[in-house]
Amino acid sequence: LPGTPPATDDIKRLDDSNNWWNKKHSKKARNSSGSPNQNSDTEKQQLNKVFVEDEAPINKKLPKELLLRIFSYLDVVSLCRCAQVSKAWNILALDGSNWQRIDLFDFQKDVEGAILDNISHRCGGFLRQLSLRGCQSIADGSIKTLAQECPNIEDLNLNTCKKLTDSTCTSLSRHCPKLQKLNLDSCSAITDISLKALSDGCPNLTHINISWCSNVTENGVEALARKCTRLKSFISKGCKHITSRAVICLARFCHELEVVNLQGCNNIRDEAVQSLADKCPRLHYLCLSGCSGLTDASLVALASNCHLLSTLEVAGCTLFTDAAFQALADNCRYLEKMDLDECVLITDATLIHLAMGCPRIEYLTLSHCELITDEGIRHLSMSPCAAENLTVLELDNCPLVTDASLEHLTSCHNLQRVELYDCQLITRVGIRRLRMPKRKS
1 LPGTPPATDD IKRLDDSNNW WNKKHSKKAR NSSGSPNQNS DTEKQQLNKV FVEDEAPINK
61 KLPKELLLRI FSYLDVVSLC RCAQVSKAWN ILALDGSNWQ RIDLFDFQKD VEGAILDNIS
121 HRCGGFLRQL SLRGCQSIAD GSIKTLAQEC PNIEDLNLNT CKKLTDSTCT SLSRHCPKLQ
181 KLNLDSCSAI TDISLKALSD GCPNLTHINI SWCSNVTENG VEALARKCTR LKSFISKGCK
241 HITSRAVICL ARFCHELEVV NLQGCNNIRD EAVQSLADKC PRLHYLCLSG CSGLTDASLV
301 ALASNCHLLS TLEVAGCTLF TDAAFQALAD NCRYLEKMDL DECVLITDAT LIHLAMGCPR
361 IEYLTLSHCE LITDEGIRHL SMSPCAAENL TVLELDNCPL VTDASLEHLT SCHNLQRVEL
421 YDCQLITRVG IRRLRMPKRK S
């Protein structure tokens, strides 16, 4: 609206020390377990006095409890703007109960320590979920304040908060025993010390992301696995120091694992995947892309034990053959997404088996699979999965694929995207024919 200040200005006001909502009134009384209590009688009297003195008709017609409920549906920016309307609205808008879930990603460049400190004081024990993704100005001191003031936090996203060190996880370990989800993606200063601290103080962890934390080794992962046995999601993309031993330990202690991403962990070998398959039957998402030392034995183990698998990403696993994918197709009928980019040994036989055994496939990547031909695409397009479910097919750098494949794909009614970069035998005529709506006979 004309004259409306930028949203970032509203966020910056959160560290305004002259705000009507004084810091001493924003802290919530807590019991010994750290949970928020009701405001004191003095605070209630002050709030009632503000409402009596407020002349706004809406405040006289609607009880403050109903206004508070209305404010609970507003986002961060709207709450900040409502807080500027009147003293009564300021108190209600900045009540901690309205700030249980906060996402500051859109304001990442403006969120500094003072703002986060004020949010922590205001929210207190109410805060359950906070995303600071991309807030690169945030340092350990602010997270320490957050941990002390908001002990009930369950979901914390610190993705790309690059100033953070092991001190952050030490603070979380000491003050946040209810923490369940923690994202440390690209917090490059994090080491094994953090994982050991989390294992001691945050036993309820179910989701952790340590992608691109290049200083983490198998020792930290083992410490985490031994005490955080409720883990359901473990993501460690680009952690080159994680070995088979670490994954075997995860499988041994964390039987509830459902999501595992080991992209780029190229020290992983078959015995690690076999252990996951044997001990974690609930696994439905597995990324092994870039784990180039794996062989068919890994996929055969998954086929034997992980029948709920729906997403399998194995890009760059150049040793896998048709035999392994046949085993998967015969046993994993819930597969919906497969990334086989650069599985250079597979042929049309893999597509034939997937067409027969995996009716739910929606997303299939076959880029750089140079042995795939029109015959394989024909079998795929004739399958029930392709006709009804296939939405994305990537065929970049498949030199044997021709316009005939595009003709076959016209029967895939829900196809939304086909990638054909560097397919030298594909012509514009073939692409035009694929894009044309098929006429009803």
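In UniProt numbering, the protein residues as written are 1 to 441. For glycine and all other residues, C-beta sits at the position ideal for the given N, C-alpha and C.
Beta-carbon proximity of residue i to residue j, cut-off 8 angstroms
| i | j | result |
| --- | --- | --- |
| C343 | T318 | yes |
| residue 449 | E256 | Residue numbering for the chain in the displayed model covers 1 to 441; residue 449 lies beyond these limits and cannot be assessed. |
| M338 | L371 | no |
| E154 | L179 | yes |
| N183 | N209 | yes |
| T379 | L425 | Here residue 379 turns out to be His, not Thr, going by the sequence shown. No. Outside cutoff. |
| Q136 | T160 | yes |
| L340 | C369 | yes |
| K237 | N266 | no |
| L94 | R122 | yes |
| L104 | S131 | yes |
| K163 | S186 | no |
| A251 | C280 | yes |
Between the CA atoms of residue j and residue i - distance to the nearest angstrom
| i | j | result |
| --- | --- | --- |
| A189 | G125 | 28 angstroms |
| A303 | L335 | 11 angstroms |
| R433 | L409 | 10 angstroms |
| N414 | A355 | 16 angstroms |
| R133 | G316 | 29 angstroms |
| A386 | E375 | 15 angstroms |
| R230 | G113 | 32 angstroms |
| K23 | L146 | Residue confidence for K23 is low, a pLDDT of 40 falling below 50, so the modelled location carries little weight; the figure read from the coordinates is stated next. Rounded to the nearest angstrom, the two C-alpha atoms are 15 angstroms apart. |
| D390 | S367 | According to the sequence shown, residue 390 is Leu rather than Asp. Rounded to whole angstroms, L390 to S367 spans 16 angstroms at the Cα level. |
| I143 | R333 | 44 angstroms |
| C254 | L172 | 21 angstroms |
| C202 | P177 | 5 angstroms |
| L306 | D270 | For the record, residue 306 in the displayed sequence is Cys; it is not Leu. So the two alpha carbons sit approximately 15 angstroms from each other. |
| S78 | R101 | 14 angstroms |
| T170 | L158 | 14 angstroms |
| C80 | K109 | 18 angstroms |
| H175 | Q274 | 37 angstroms |
| S411 | V260 | 34 angstroms |
| S167 | S194 | 8 angstroms |
| K327 | I361 | Looking at the sequence provided, one finds Ala at residue 327 rather than Lys. Those two C-alpha atoms are separated by around 16 angstroms. |
| D106 | H207 | 23 angstroms |
| V85 | L74 | 15 angstroms |
| D330 | G430 | 33 angstroms |
| L127 | N98 | 9 angstroms |
| S244 | F234 | 14 angstroms |
CB-CB length for residue i against residue j, believed under 8 angstroms
| i | j | result |
| --- | --- | --- |
| L262 | H284 | Not confirmed; about 15 angstroms, so no contact. |
| E323 | D296 | Before going further, note that residue 323 is Ala rather than Glu in the sequence given. About 6 angstroms separates the two Cβ atoms, so the contact holds. |
| K403 | Y421 | Correcting the residue identity first, residue 403 is Asp in this sequence and not Lys. The Cβ separation is near 16 angstroms, so there is no contact. |
| T373 | V401 | 7 angstroms |
| V300 | I268 | In fact, because the Cβ distance is near 16 angstroms, the residues do not count as touching under 8 angstroms. |
| residue 481 | L345 | This structure cannot settle anything about residue 481, because the visible part of the chain is limited to 1 through 441. |
| S292 | V314 | Rounded, the Cβ-Cβ distance is 10 angstroms, inconsistent with contact. |
| A225 | C249 | 5 angstroms |
| L156 | K196 | So it is not a contact: roughly 18 angstroms between Cβ atoms. |
| D140 | T165 | 6 angstroms |
Residue i (DSSP reduced to helix, strand or coil)
| i | result |
| --- | --- |
| T170 | helix |
| C287 | strand |
| R333 | coil |
| T145 | helix |
| M436 | coil |
| E313 | strand |
| I377 | helix |
| E65 | helix |
| I208 | strand |
| Q136 | coil |
| S304 | helix |
| Q274 | helix |
| V77 | helix |
| residue 451 | The requested residue 451 does not occur in the structure, where the chain is confined to residues 1 to 441. |
| residue 482 | Examination of residue 482 is not possible in this model, given that the chain is present from 1 through 441 alone. |
| E256 | coil |
| T318 | coil |
| E407 | helix |
| residue 446 | This structure does not reach residue 446, given that the chain is present from 1 up to 441, and the question cannot be answered. |
| S131 | strand |
| R230 | coil |
| V429 | helix |
| L92 | helix |
| K162 | coil |
Residue i beta carbon near the ligand GTP (any heavy atom closer than 7 angstroms)
| i | result |
| --- | --- |
| T373 | No copy of the ligand GTP appears in this structure; indeed no ligand is present at all. |
Do three or more CB pairs link the region 105 to 117 to the region 83 to 93 at distances below 8 angstroms?
no
Would you say the region 216 to 230 touches the region 179 to 194, given that touching needs at least three Cβ pairs under 8 angstroms?
yes
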